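This report refers to the structure that appears directly beneath it.
Protein chains: 4
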Amino acid sequence: MKIVLIAGSNRKNATSTLLLKHMEDVFRSKNVETTFVDLYDKPVPLYCPDDETPDERASFMIRAVEEADAIVLGTPEYHGSISGVLKNALDYLGSNEVGGKAVLSVSSSGGAVGVSSLTQLQAIVRNLHGINSPEWLSLGGSARQFGADGSPTDAGVRQRVVRVIDALTDLTSKLRPAARVPQK
Amino acid sequence: MKIVLIAGSNRKNATSTLLLKHMEDVFRSKNVETTFVDLYDKPVPLYCPDDETPDERASFMIRAVEEADAIVLGTPEYHGSISGVLKNALDYLGSNEVGGKAVLSVSSSGGAVGVSSLTQLQAIVRNLHGINSPEWLSLGGSARQFGADGSPTDAGVRQRVVRVIDALTDLTSKLRPAARVPQK
Amino acid sequence: MKIVLIAGSNRKNATSTLLLKHMEDVFRSKNVETTFVDLYDKPVPLYCPDDETPDERASFMIRAVEEADAIVLGTPEYHGSISGVLKNALDYLGSNEVGGKAVLSVSSSGGAVGVSSLTQLQAIVRNLHGINSPEWLSLGGSARQFGADGSPTDAGVRQRVVRVIDALTDLTSKLRPAARVPQK
Amino acid sequence: MKIVLIAGSNRKNATSTLLLKHMEDVFRSKNVETTFVDLYDKPVPLYCPDDETPDERASFMIRAVEEADAIVLGTPEYHGSISGVLKNALDYLGSNEVGGKAVLSVSSSGGAVGVSSLTQLQAIVRNLHGINSPEWLSLGGSARQFGADGSPTDAGVRQRVVRVIDALTDLTSKLRPAARVPQK
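Chains as they are written, first to last, in numbering that gives the first Met the number 0: chain A, 0 to 183; chain B, 0 to 183; chain C, 0 to 183; chain D, 0 to 183.
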């Protein structure tokens, strides 16, 4: 099983990106292969429908999504919605790459939990013909602390991460039986 | 009365931008001052919350919104949502610039009418504490033809444009009595 | 100024209804006239588009909204949305009664704050051509305690109530100058 | 494979109900078992969280959903949202009955296609932990004609119905391999 994680923040040490990095660790501990697309480290340019050939970074992202069995999308919540940086990246994708795949939506918000961005994100995923995982994850306010090893300091958050990851890999195994990870 | 129009496409001759240019003509014919922010001609860079000072183009847009009495947002519909290019531009703004002002949402979509992007856009506007005009405008499919003078070729579309513009200026006059345009 | 408050719960002592009753007290203390429509005490029957004449209770509600200068809608959050009981009541209304009026959306939720129901409610209000107040109110979890006098026990909640009510009466005064309440 | 179809209109000969009845015919022609819950013929009472035991009709619906492998929800679009009658019925359900099951959302609207109600419905389904089918179906305006045999008169609509049904049974077979229908 191969998962692509797209981190949609454009801020250094963004909590949504830290959360996705921790999730990558958990996936790997479960023998799931991962590709990490960090839109801060390697931003993709503003999407222009007139351009026939996407640039190198956008191409890398498109290929990573195409090759993945499932997708994790992480975003800060700006104005009750996903970041423009993430939406811009998603504008490069289509149902060719996303269609039929399990998608997990994750947000991090300075205020209360970022349900508004997750709802908008799931509407976008449906439009791309992805299969939204009904389990999602939103960290708000003080739940957004990470230790030196990259794990959330709050035990409840760590458990919730495991739960949404298990739900995603379970859904992915059903949608793509060939991608099932052999149990150790 | 001063209106800022933000055209959220990054495509040459985008129909959502043509529509906003036509709307600008109609506003001017009604003695309303306008500022046009074209995110294709003058793209604003990817928003980064770490940057304390926005670049020149972003600053121009922020100031234009700040000085306006009302706002028109135009977007293509990508994946049932607004363009990443528009969302990225909105990420620079806050309730300081948008709060309490009338906002008109406009979309153009290759398929049927783009209600999904308008709904998401109004949720974003509310978050910025703008006052959403209940009249909005979405052009779908074949309604998106424009003549040599920049007007929509369809008479029904032209009438609808006048109606949403009148609704916006009426709402703006109520919210900001000092901005009222003297009747000729 | 005349406000109608519609309490969309069908539960005895629902916190969303207690909140609306407290809001009614605050409105009255500001010399604003109120009508209270409690869908628990006086439920309206399931809406049937074939019926030409609504029953007595539905007629009362329709008339109350028609005569009001502004509207407060209160709902519990069920499954990330407003109660069926409230949606059913709104199905009797049209832009004749709601159009152009300021509308305040309020929710109460057992879990975290009920942003999902408020977002859906504002999309419904826009469809009815109401003017959504960008200030809304959602009580979650432990914020939902009320004292013997009907006031929220949490001081922050009481202040927030005053703030959203002031925002609503201010918006209503602008949209309907004739409805302005004389300052004492 | 067993599918429950819930028709959320409260109007005689509602097009959303006619569409669901046609879908039931198509399911049966594919050897899929069906249960039809018609909220017009057999309305469920207004949901009251204080009642510990739902009435007979609500109990029938709850059991039908519980026993189904997948769910089809049909609704008219009222005010950009699902009918109060359908929302009220959904308020009786929980993730016990809906969780992990494939759900197809279908709407019928007098105006253009009813995307706004479908988006809200999918947000509700996610909250119930159902798996939204990314293929949905919305009939608008003149597409809503049915022949004497109950089929849509428009060939494109009939094909679209087959497509969304195939997508649903395919998704259901993946989520619940035991429910797979043997190929003839």
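Cβ atoms here follow ideal geometry from the backbone N, Cα and C, with glycine treated the same way.
Just so it is clear, the structure is predicted and the values come from calculations on it, not from any experiment.
Spatial neighbours of residue i within its chain, please: C-beta separation below 8 Å, excluding the five flanking residues on both sides.
i	result
Lys29(D)	Ile164, Thr168, Val180
Arg159(C)	Leu136
Asp27(B)	A small fix is needed here, since residue 27(B) is Arg in this sequence, not Asp. Taken in chain order, the residues that qualify are Thr33.
Asn126(A)	none
Pro44(A)	Asp54, Arg56, Ala57
Could you check where the alpha helix (DSSP H) with residue i kicks off and where it finishes?
i	result
Gly79(A)	Careful: Gly79(A) lies outside any alpha helix (DSSP H) and carries neither H nor E.
Val92(B)	Sequence inspection shows Leu at residue 92(B); the Val mentioned does not correspond to that position. Careful: Leu92(B) lies outside any alpha helix (DSSP H) and carries neither H nor E.
Val43(B)	Neither: Val43(B) is in no alpha helix (DSSP H) and is coded neither H nor E.
Lys20(A)	14-28
Glu51(B)	Run containing Glu51(B): none; DSSP gives neither H nor E here.
His0(C)	Note on residue identity: the sequence assigns Met, not His, to residue 0(C). From DSSP, Met0(C) is part of no alpha helix (DSSP H); its letter is neither H nor E.
Ala57(A)	55-66
If I measure Cβ to Cβ from residue i and keep anything under 6 Å in the same chain, skipping five residues before and after, which residues do I get?
i	result
Glu32(A)	Lys1
Pro37(D)	Just to set this straight, residue 37(D) is Asp in the shown sequence, not Pro. Around Asp37(D): Ala6.
Gly113(D)	Glu76, Ser106, Ser137
Thr152(D)	Gln144, Gly146
Ser115(A)	Gly79
Ser82(B)	Gly7, Thr74, Pro75
What residues from chain B crowd round residue i, counting only those whose CB sits closer than 9 Å?
i	result
Asn9(C)	The contacting residues do not exist; Asn9(C) stays about 27 Å from chain B at best.
Leu89(A)	Tyr77, His78, Ser80, Gly83
Need the endpoints of the beta strand (DSSP E) that residue i sits in, please.
i	result
Asp37(B)	32-37
Ser8(D)	Premise fails: Ser8(D) is in no beta strand (DSSP E) and is neither H nor E.
Ala101(C)	101-108
With distances taken from CA atoms, which of the options is nearest residue i?
i	options	result
Leu92(C)	Leu103(D), Glu96(D), Gly79(D), Leu17(D)	Gly79(D)
Ala57(C)	Thr74(C), Ile81(C), Leu85(C)	Leu85(C)
Gly149(C)	Asn9(C), Ser8(C), Val25(C), Arg10(C)	Val25(C)
His128(B)	Leu170(C), Glu134(C), Tyr39(C), Arg143(C)	Glu134(C)
Asn12(B)	Ala122(B), Leu174(B), Pro75(B), Val114(B)	Pro75(B)
Arg143(B)	Val161(B), Glu96(B), Gly109(B)	Gly109(B)
Tyr77(D)	Asn131(D), Gln119(D), Pro48(D)	Gln119(D)
Gly230(D)	Ala147(D), Val64(D), Gly83(D), Ala178(D)	With chain D represented from 0 up to 183, any question about residue 230(D) goes unanswered, as that position is not in the structure.
Gly73(D)	Val124(D), Pro44(D), Asp54(D), Glu96(D)	Val124(D)
Ile130(D)	Arg157(D), Val102(D), Gly155(D)	Val102(D)
Pro42(D)	Ser94(D), Pro53(D), Pro48(D)	Pro53(D)
Asp49(A)	Leu174(B), Gly146(B), Arg157(B), Arg10(B)	Arg10(B)
Ser104(B)	Ser94(B), Ser141(B), Gly83(B), Ala122(B)	Ala122(B)
Thr14(A)	Leu174(A), Val71(A), Gly83(A), Ser141(A)	Ser141(A)
Asn95(A)	Lys173(A), Ser115(A), Glu66(A), Lys20(A)	Glu66(A)
Leu18(D)	Arg175(D), Ile61(D), Arg157(D), Leu174(D)	Arg157(D)
Lys173(B)	Ala154(B), Ser132(B), Val161(B), Arg162(B)	Ser132(B)
Lys20(C)	Ile61(C), Val71(C), Met60(C), Ala166(C)	Val71(C)
Tyr39(A)	Val161(A), Thr16(A), Ile61(A)	Thr16(A)
Can you name the residues of chain D whose CB is closer than 7 Å to the CB of residue i?
i	result
Asn131(A)	Arg125, Asn131
Below 7 Å CB to CB, which residues in the same chain sit around residue i once its five sequence neighbours on both sides are set aside?
i	result
Tyr46(B)	Asn87, Asp90, Tyr91
Glu23(A)	Leu4, Thr33, Phe35
Thr171(A)	Met0, Asp68, Ala69, Ala101, Ala178
Arg175(C)	Asp68
Leu117(A)	Ser104, Ser106, Trp135, Ser137
Run through chain A and tell me which residues come within less than 9 Å of residue i, C-beta to C-beta.
i	result
Val156(C)	Those do not exist, as Val156(C) stays about 14 Å from chain A at its closest Cβ, beyond 9 Å.
So which residues on chain C does residue i lean against when the C-beta distance must stay under 9 Å?
i	result
Leu174(B)	Leu170, Lys173, Leu174
Ala122(B)	Thr118, Gln121, Ala122
I want to verify the contact list: residues of chain C whose CB lies under 7 Å from the CB of residue i, in sequence order.
i	result
Lys86(D)	Ser80, Gly83, Lys86
Asp49(D)	Arg10, Lys11
Run through chain B and tell me which residues come within less than 8 Å of residue i, C-beta to C-beta.
i	result
Pro42(A)	Leu45
What residues from chain C crowd round residue i, counting only those whose CB sits closer than 8 Å?
i	result
Ala147(B)	The contacting residues do not exist; Ala147(B) stays about 35 Å from chain C at best.
Ser115(A)	Val114, Ser115, Thr118
Could you list which residues in chain A have their beta carbon closer than 7 Å to that of residue i, in chain order?
i	result
His128(D)	Pro133
Going along the chain, which unbroken runs of the alpha helix (DSSP H) with 4 or more residues stay wholly within the stretch 113-155 of chain B? 114-126
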